[in-house]
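Q:
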Amino acid sequence: MDEPAVRRTGGRQARLGRRARPQEASAAAAESLVTTSANPEGPALVLACGALANEIIALREQLGIADDVMVLHCLPAELHNRPGQIAPRVDAFLTEHRHKYSRVLIGYGDCGTGGALDKVLERHDADRLPHAHCYEFFARTPLFNQITEAEIGSYFVTDFLVRHFDRLVWEGLGLDTRPDMLETYFGNYRDLVYLAQTDTPLLQTKAQEAAKRLGLNYVYRKVGYGDLADAIRGTSHV
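With the first letter of the sequence shown counted as 1, position 146 gets the number 147 in my numbering; the numbers rise by one all the way through.
#1: Taking buried to mean at least 16 other C-beta atoms within 10 Å of its own C-beta, is Asp111 buried or exposed?
#2: Checking 8 angstroms against the spacing of the C-beta atoms, do Arg222 and Ala140 come in under that value?
#3: Where does His134 sit, in a helix, a strand or coil, going by DSSP?
#4: Take Arg99 and list the residues in its own chain whose beta-carbon comes closer than 6 angstroms to its own, dropping the five residues that flank it on each side.
#5: Look at the alpha carbon of Asn146 and the alpha carbon of His165, and state the distance between them as a whole number of angstroms.
#6: Starting from Gly108, trace the beta strand (DSSP E) both ways and give me its first and last residue.
#7: Which residue spans inside the region 158-187 form an unbroken beta strand (DSSP E) run of at least 3?
#8: Work out the CA separation of Asp69 and Tyr195 for me, nearest whole Å.
#9: Buried or exposed for Leu203, going by 16 or more other Cβ atoms inside 10 Å?
#10: Below 8 angstroms between beta carbons: does that hold for Ala240 and Leu60?
#11: To the nearest angstrom, how far is it from the Cα of Ser1 to the Cα of Asp167?
#12: Consult DSSP for Asp111 and reduce its assignment to one of helix, strand or coil.
#13: Measure the Cβ-Cβ separation of Leu118 and Val91 and say whether it is below 8 angstroms.
#14: Quick test of your reading: Ala127 and Leu80, contact by CB under 8 angstroms. State the CB separation rounded to the nearest angstrom.
#15: With a CB to CB cut of under 7 angstroms and the five nearest residues on each side skipped, what residues in its chain are close to Gly227?
Written as structure tokens, this is what we have:
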């Protein structure tokens, strides 16, 4: 069961797409003239954002999915801040490797690609995780909507983003050298909402510290793996 929020303020629907660096224009993946083939006898492939690696490995162990049934390959987590590069990177990998696998799950939501990722997946006969981003598929839609309708200025973090807050957020946004930009990036936010996959006191402490550094209220929600668990289970029909 979700734990109660530590602190709340009023608002409406969330402002999406402002979780990190102002996004560069989404670059559509180059059109491929050849649709890649599948290997009906091959394993399933999960091609995922590096920010989901620990969670997917944990789920694979929990579900008893063998390595030869589901292969995991991760793209750099830094693409979180560069969504225009996601679709081309996925396209390049699948163009080279799709023929090895029976089916493919892409461990991304749309993630700021503006539909470019879905066009790539059509050509390669692949599926992706539901929703626009990991915050919604971790929280699941009803809770995500509840949070965002209560506070329009909600800045979401996960276990991974809390663990790597300095590298991906503080330094990734250049706040280590330009602290004066803090208001520019976060002035319209009110809450830092920690959507926790695990019940880890150390990460809760780090999330509280991150909220303080950003000048935001701290809100804690234990959500677990959400829709990611269903998607990983489906790769092996467990």
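Positions of the beta carbon are idealized from the N, C-alpha and C atoms, including for glycine.
A: Considering the structure as presented:
#1: Buried, by the Cβ-count rule.
#2: For the pair Arg222 and Ala140, the CB atoms are nearer than the 8 angstroms cut-off.
#3: Of the three classes helix, strand and coil, the one that applies to His134 here is coil, per DSSP.
#4: Cβ neighbours of Arg99 within its own chain (closer than 6 angstroms, five residues either side excluded): Thr37, His125.
#5: Between the alpha carbons of Asn146 and His165 lies a gap of roughly 26 angstroms.
#6: According to the DSSP assignment, Gly108 belongs to the beta strand (DSSP E) that extends over 104-108.
#7: Within the region 158-187, no complete beta strand (DSSP E) run reaches 3 residues.
#8: Taken atom to atom, the span from the alpha-carbon of Tyr195 to that of Asp69 is near 34 angstroms.
#9: Around the C-beta of Leu203, fewer than 16 other C-beta atoms lie within 10 Å, and the residue is accordingly described as exposed.
#10: The displayed coordinates of the chain run from 2 to 239. Any statement about residue 240 would go beyond what the structure contains.
#11: Nothing about residue 1 can be read from this structure; the chain reaches only from 2 to 239.
#12: Correct three-state label for Asp111: coil.
#13: Yes, the Cβ-Cβ distance between Leu118 and Val91 is below 8 angstroms.
#14: Contact annotation, Ala127 with Leu80: C-beta distance approximately 17 angstroms; criterion of less than 8 angstroms not satisfied.
#15: For Gly227, the CB contacts under 7 angstroms within the same chain, skipping 5 residues up- and downstream, are Phe138, Phe139, Ala140, Arg141 in chain order.
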